[in-house]
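Take a look at the structure set out below.
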Amino acid sequence: MAYPVTFNIEQPEKFNRAQVVLRLLIVILLAFLANALGWIYGLIYLALPVLAAIFISQKGARTYLDESRNGMQRWLRFIIGFYAYLHLLTDRIPEDKPTDPVHYAITPTGSPSVGQALLRIILGIPHVIVLFFLGIVAFVLMVVAAIMILVQESYPAGIYGFLRGYVRWQARLLAYMASLVDEYPPFAFDTGPEADPAPATPAT
1109 MAYPVTFNIE
1119 QPEKFNRAQV
1129 VLRLLIVILL
1139 AFLANALGWI
1149 YGLIYLALPV
1159 LAAIFISQKG
1169 ARTYLDESRN
1179 GMQRWLRFII
1189 GFYAYLHLLT
1199 DRIPEDKPTD
1209 PVHYAITPTG
1219 SPSVGQALLR
1229 IILGIPHVIV
1239 LFFLGIVAFV
1249 LMVVAAIMIL
1259 VQESYPAGIY
1269 GFLRGYVRWQ
1279 ARLLAYMASL
1289 VDEYPPFAFD
1299 TGPEADPAPA
1309 TPAT
């Protein structure tokens, strides 16, 4: 059975050199600001379960999931779209439009509780550890990709597949941390093309 969170983006034929330079400047600036990238990711990791617990306590699990498309899912689409931009998967800043090259879809499942939402801070730790080490490899590949884009406006599909898989892994984890899906995220890249998940069947 397919996981209820999908992320996909196709590699552009050419990248914009100016956009690559801009992203390198952003990454360098954040690196100078006391590893702000790590702090930002850590804040998102901790904030999502807390926010989910607050919303679930106020609205109830069913309402939280039903309203997530214009709420939590919308924020996650922006975050993952920005991750895709920073990781050299696209030259476009994320937009919540059908023409957005980033395809990120979530089919809400389960019936989360406040306790379950907060428990995911602990349950997600194994993924965070794995993503930390994969992130080191991803950073090296991003540097290689950036140099190749500056030289020839593109980089190999193999590197693109790794970076896409790395962001896809994060996309699934963040949806889980936000209590939008009940299934535990797989420890997998799944770098092949993904179709959007089937719409959720209305409860009877």
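Quick note on this note's numbering: the sequence shown kicks off at 1109 and runs consecutively.
From the three backbone atoms N, C-alpha and C, an ideal C-beta is built for every residue, glycine too.
Bridge partner(s) assigned by DSSP for residue i
i: H1211; result: N1116
Exposure label - residue i; buried when at least 16 CB within 10 Å
i: K1122; result: exposed
i: A1283; result: buried
i: N1116; result: buried
i: L1137; result: exposed
i: P1293; result: buried
i: W1252; result: In the sequence on display, residue 1252 carries Val and not Trp. By the 10 Å Cβ count, V1252 comes out exposed.
i: R1182; result: exposed
i: A1213; result: buried
i: A1192; result: buried
i: L1130; result: exposed
i: P1216; result: buried
i: F1295; result: exposed
i: F1270; result: buried
i: A1110; result: exposed
i: L1154; result: exposed
i: R1177; result: exposed
i: N1124; result: exposed
i: V1210; result: buried
Backbone secondary structure at residue i - three-state DSSP
i: G1179; result: coil
i: A1253; result: helix
i: L1197; result: coil
i: P1157; result: helix
i: K1167; result: helix
i: Y1191; result: helix
i: F1247; result: helix
i: A1265; result: helix
i: D1290; result: coil
i: A1225; result: helix
i: Y1111; result: coil
i: D1298; result: coil
i: P1216; result: coil
Presumed contact (8 Å Cβ cut-off) between residue i and residue j, rounded CB distance
i: A1286; j: A1160; result: 5 Å
i: T1198; j: P1264; result: Not confirmed; about 17 Å, so no contact.
i: V1128; j: I1257; result: 5 Å
i: A1225; j: I1148; result: About 21 Å separates the two Cβ atoms, so there is no contact after all.
i: A1169; j: P1220; result: 5 Å
i: D1290; j: G1273; result: With 8 Å as the limit, D1290 and G1273 do not qualify as a contact, their Cβ atoms being about 23 Å apart.
Residue i Cβ short of 7 Å to the ligand SAH heavy atom set
i: L1159; result: What this structure holds is no ligand at all, so the ligand SAH is not there to describe.
Closer than 8 Å to chain D by CB, residue i
i: Q1166; result: The structure shown contains no chain D; it is built from a single protein chain.
The stretch 1148 to 1160 in contact with the stretch 1220 to 1232 per 3-pair CB rule at 8 Å: yes
Please confirm if the stretch 1182 to 1192 is in contact with the stretch 1201 to 1211, defined as three or more CB-CB distances below 8 Å between the two stretches. yes
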